[in-house]
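For the sequence shown, position 678 matches number 1697 in this note's numbering, and the numbering has no gaps at all.
To keep things clear, I will list the structure first and then write my remarks on it.
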Amino acid sequence: PTYPAERLAFMAEDAKAPIILVTAQSADRLAPAAGTTLLRIDGDDAQSGSDTSPGRSVSGSDLAYVIYTSGSTGRPKGVMISHGALANHMRWMADAFPLAAEDAVLQKTPLSFDASVWELFAPLMAGARLVIAGPESHRDPASLLADLSRFEVTTLQLVPSMLRAMLAETIAPSRSLARLFCGGEALTPDLRGALREAAPGVTLTNLYGPTEACIQAITHSCTADRPTLSARIPIGRPISNVSAFVLDEALEPTPIGVAGELYIAGAGLARGYLNRPGLTAERFVPNPFGDGERLYRTGDRARWRADGELEYLGRLDQQVKVRGFRIEPGEIEAALLAHPAVSQAAVVIRTDTAAGAQLVGYLVPAEGCELPPPAELKEQLRRTLPDHMIPTFFVALDGLPLSPNGKLDRKALPSPELQSDSRVYHAPTTPEEEQLALLFAEILGVERVGRNENFFELGGHSLLATGLAVRIRQLFGLNLPLRAIFEAPTPAGLAARLGTLEAASDAIEPADRRKALPLSFTQERLWFLDQLGGTGGAYHVPMAATIAGPLDVAALGHAFTDLIARHEVLRTRFAEAGEGAVQRIDAPWTLALAAEDVEPALVEARLVEFVRRPFDLQNDRLLRVALFRVAPERHVLAVVLHHIVTDGWSMGVMMREVGLLYAAHLFGRPSPLAPLPVQYADWAVWQRSQLQGEKLERQLGWWREKLAGAPAALDLPTDRPRPAVQSFAGDIHRFTVPAELAGQLQALARREGATLFMVLLAAYQFILSRWSGQEQIVVGTPIANRTRAEAEGLIGFFANTLALPADLAGAPTFRELLAQVRETALGAYAHQDLPFEKLVEALQPARELNRQPIFQTMFVLQNTPPSGGSLP
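Here is the structure:
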């Protein structure tokens, strides 16, 4: 009776059942299709019919039942379970959890959920008692406890949220209860501990199984678990004749401890979805491991533990993105449950708040406790979680809303009320504020931004601030210094400054191709180093990617050919001219791509050889592409360019455009890419026109003053002397900053009006000063140097290097050092147009073959747009 009439009508039509069992209450809610009979089980119809066997034989592949589950589109999907799958499950259940005549199983799960199937069959198969629960027992803990005691139930199945509600009652579970099964939701350690305290004699089993795998596919006995509050409870091992796999996106097994998607195979799999062949093919995929014919994609994240058991990590589709960060709500919920005043927690992303898309935490207080204020909750979360995982709002509830089967009903969670310390949305009041708010939202990837909202508190950093300055320049035609965004980081604050800014008049224009095209300053430095020789492959920029699945090699070759035609820099060579060099742009050329068969064990050696092959800057094409086929539907794509035509940002541009062009060729569509307004050579000409005269002197003057008194070298106490000539030999040491410390670093940056980069750089310079004993420390850092909108979509060597000094004389506090580093970084950003090469030329430091001039150590925060992608 609780089912919507539309849903009932859809299931009746979809199943096309010739007979539908109804009651007097439900008969009026169904309009049977032609050929369908409604058979009332509470009237005279129940007494009619025949007791003669229909005489039909049933095989294991025949359907036992079709059960409807919710679909992501709102349209229910019928899961087809065979007799063989059901028989396998019940046979396993009888072996693993044998029942005796004195046992009693409470059938409390609504019949619309497959967990009810074993509740019915398990006692009937063993001759035990089957107890039909009262109509309210599946949602009312008091009614459930009464049934347990009245009927002396020994075996019970619950979802964890219902178990929690039952344990919250003052009445202890019936003494007859001996075995408890939990499934449908993640079972938490605190709930396991509460059950042990309330009913120490009850054995607890954690169940996992989607409807498509016939009730339960994986189980874990909690009997031997240690009572810890920190570890997840595993879901366990597969049942008889069922296999489980944790696979990555390429359907390759993940190592122990590494998360992937959980797949199930074996005798328990459903036949698929009734009347949904497309969906069946999407979720039931061929099994590459030969253990059964198909794998079912559960959509759940899991990982193998070292003890051979599986750990459930949450739904893939419950991962959400907030300000560009992928978030697991379950991880935040676990952190909230660690607070002693919180008994239940749910975290969702909501788009119906006044501030747009936000994380919201819903909390139920522990018995006898009051929830702490939001500020205290946020402070606790920041000890273990980064800022982007801290909910904006918290909502206190008497209990979490449950669906008819006892699971958390996320759709029923109320919209949050704005808390006193939460961000309140104030709409822009002027056209300028409105335009700036839209730019903020575009750059930060949020739905909307209020006039008083802080760019950096919403997830902004220096690179994004540069992008914002570029957009403001493009939209308003004004030169906005990057410092202004740090000093006035809200739409209202920036709007107030627009009237004080100079008009932008130095747009990049196409250069005359009949004249010699100069190199950019960064290109000139690399060309000069190449002439000296000895760099080997140090300035090769490689990229390798695995491509899993069917690949159209011709379409991929056409995509790279189009890319080469689109970006002149990819067909540019560098010819000597007088004391320097000029750019020579070749006509578009075709990249003939062919797949080379390579044994998987030999791929790495082929990649190394491919990447290290030298470039001749005057005669070679400076882009190379190779494709290695390691299996029929598994390739390795290798790309290498010389740094003189690319940088880190460019690699992202290249792979995104290759993906779009590949799709266009694959489906016979025209290129979706808009024509480029200018080319890299145009930018090189523009750069040289800008850096001369008074502007050049102004830039040089700032850097001379900043680097006055800087030491020629960083003298670290190394255990070996430096070689006479740089060898480029080195190593990589990796470590992880704990989540709690990361959260504290981000909080410190916010309090001091800085960025995470500035905090980390200050710490790095402080350590170098301690180790070297020097008070003046200079550290290099790269910068994207794409300060014009025309340059954002270009491939080329734009990146510049900044030399950032720090003065630690007089033993400054860390807060004082951070303020100094912040000012230096903002000043350097404002003077980033000066190429590092021009700075070296102007300062004329002593040149040594074994040291980089001005600085010998760099600090890099990798936040350029990612170069990864996918191909259809």
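Note that CB positions come from ideal geometry on N, CA and C, so glycine has one too.
| Query | Result |
| --- | --- |
| Where Glu1017 and Gly1720 are concerned, what is the direct C-alpha to C-alpha distance, given to the nearest angstrom? | With the chain covering 1020 to 1891 only, the question about residue 1017 has no answer from this structure. |
| Quick one: residues in its chain with C-beta nearer than 6 Å to the C-beta of Ser1388, no 5 flanking neighbours on either side, listed in chain order? | The question names Ser, but residue 1388 is Cys in the sequence shown. Same-chain partners within the cutoff: Ala1360. |
| Please state whether DSSP places Thr1580 in a helix, a strand or coil. | helix |
| Could you name each continuous beta strand (DSSP E) segment of 3 residues or more that falls completely within the region 1029-1101, going from the start of the chain to the end? | 1038-1041, 1056-1059, 1082-1088, 1096-1101 |
| Exposed or buried, what is Leu1868 when buried is set at 16 or more other beta-carbons lying within 10 Å of its beta-carbon? | exposed |
| Pick from Asp1738, Phe1855, Glu1860, Leu1626: whose alpha carbon is nearest that of Val1918? | Nothing about residue 1918 can be reported from this structure: the residues present for the chain run from 1020 to 1891 only. |
| Measure from the alpha carbon of Leu1501 to the alpha carbon of each residue in Glu1856, Arg1841, Ala1614, Ser1788, then state which is nearest. | Arg1841 |
| Is the distance from the Cβ of Met1144 to the Cβ of Met1185 below 8 Å? | no |
| Please classify Leu1477 as buried or exposed, where buried requires at least 16 neighbouring CB atoms within 10 angstroms. | buried |
| Indicate whether the contact test is met: 3 or more Cβ pairs, each with one atom in the region 1055-1062 and one in the region 1075-1089, closer than 8 Å. | no |
| Buried or exposed: which applies to Pro1037, given that a residue is buried once 16 or more other Cβ atoms fall within 10 Å of its Cβ? | exposed |
| Let's see if you can read the secondary structure: which residues bound the alpha helix (DSSP H) around Gln1542? | 1540-1551 |
| For Arg1110, verify whether its CB is less than 7 Å away from any heavy atom of the ligand PLP. | Questions concerning the ligand PLP fall outside what the structure shown contains, since it holds no ligand whatsoever. |
| Using the Cα positions of Leu1767 and Lys1397, report the straight-line distance between them to the nearest angstrom. | 14 Å |
| Could you tell me which of Gln1637, Ser1180, Arg1320 sits nearest to Ser1362, measuring between CA atoms? | Ser1180 |
| Can you list, in chain order, the residues of its chain whose CB lies under 7 Å from that of Lys1035, leaving out five sequence neighbours each side? | none |
| Among Glu1676, Glu1835, Glu1794, Pro1305, which has the Cα closest to the Cα of Gly1285? | Pro1305 |
| Taking the C-alpha atoms as reference points, what is the distance between Asn1804 and Asn1819? | 6 Å |
| Who are Gly1212's beta bridge partners in DSSP? | For Gly1212, which the question treats as bridged, DSSP gives no partner whatsoever. |
| Any chance the region 1274-1288 sits against the region 1311-1322, with 3 or more Cβ pairs inside 8 Å? | yes |
| Determine the contact status of Ala1822 and Phe1874, defining contact as a CB-CB distance below 8 Å. | yes |
| Rounded to whole angstroms, what's the CA-CA distance from Ile1730 to Ile1504? Just pull it up for me. | Note on residue identity: the sequence assigns Pro, not Ile, to residue 1730. Their Cα atoms are separated by approximately 32 Å. |
| On the DSSP bridge list, what partners appear for Leu1314? | Val1304 |
| Just to confirm my understanding: we take Ile1100, look at its own chain, exclude 5 residues before and 5 after, and list those with CB closer than 6 Å. What are they? | Ala1083, Tyr1084, Cys1233, Ala1289 |
| Just how far apart, CA to CA, sit Lys1426 and Ile1039? | 27 Å |
| For Leu1182, which residues in the same chain have their Cβ closer than 8 Å to its Cβ, ignoring the five residues on either side in sequence? | Leu1199, Cys1201, Leu1210, Leu1214 |
| Could you name the residues of the same chain whose beta carbon sits closer than 8 Å to that of Asn1498, not counting the 5 residues immediately before and after it, in chain order? | Arg1492, Leu1520, Glu1521, Ala1522, Ala1523 |
| Using beta-carbon positions only, say whether Gly1815 and Ser1669 come within less than 8 Å of one another. | yes |
| Out of Pro1154, Ser1156, Trp1137, state which residue places its alpha-carbon closest to the alpha-carbon of Ala1147. | Trp1137 |
| Determine, using beta-carbon pairs with one atom in the region 1591-1610 and one in the region 1640-1648, whether at least three such pairs fall under 8 Å. | yes |
| Using a 10 Å radius around the Cβ and a threshold of 16 neighbouring Cβ atoms, would you call His1752 buried or exposed? | exposed |
| Please report the distance separating the alpha-carbon of Arg1653 from that of Glu1271. | 11 Å |
| Run the CB neighbour count on Asp1326, radius 10 Å, all protein chains shown included, and call it buried at 16 or more, exposed below. | exposed |
| Rank Asp1571, Ala1515, Thr1591 by C-alpha distance to the C-alpha of Ser1539 and give the top, closest one. | Thr1591 |
| Just list the residues that DSSP pairs Tyr1381 with in beta bridges. | Ala1365, Val1414 |
| Tell me whether the beta-carbon of Ile1604 lies closer than 8 Å to the beta-carbon of Glu1587. | yes |
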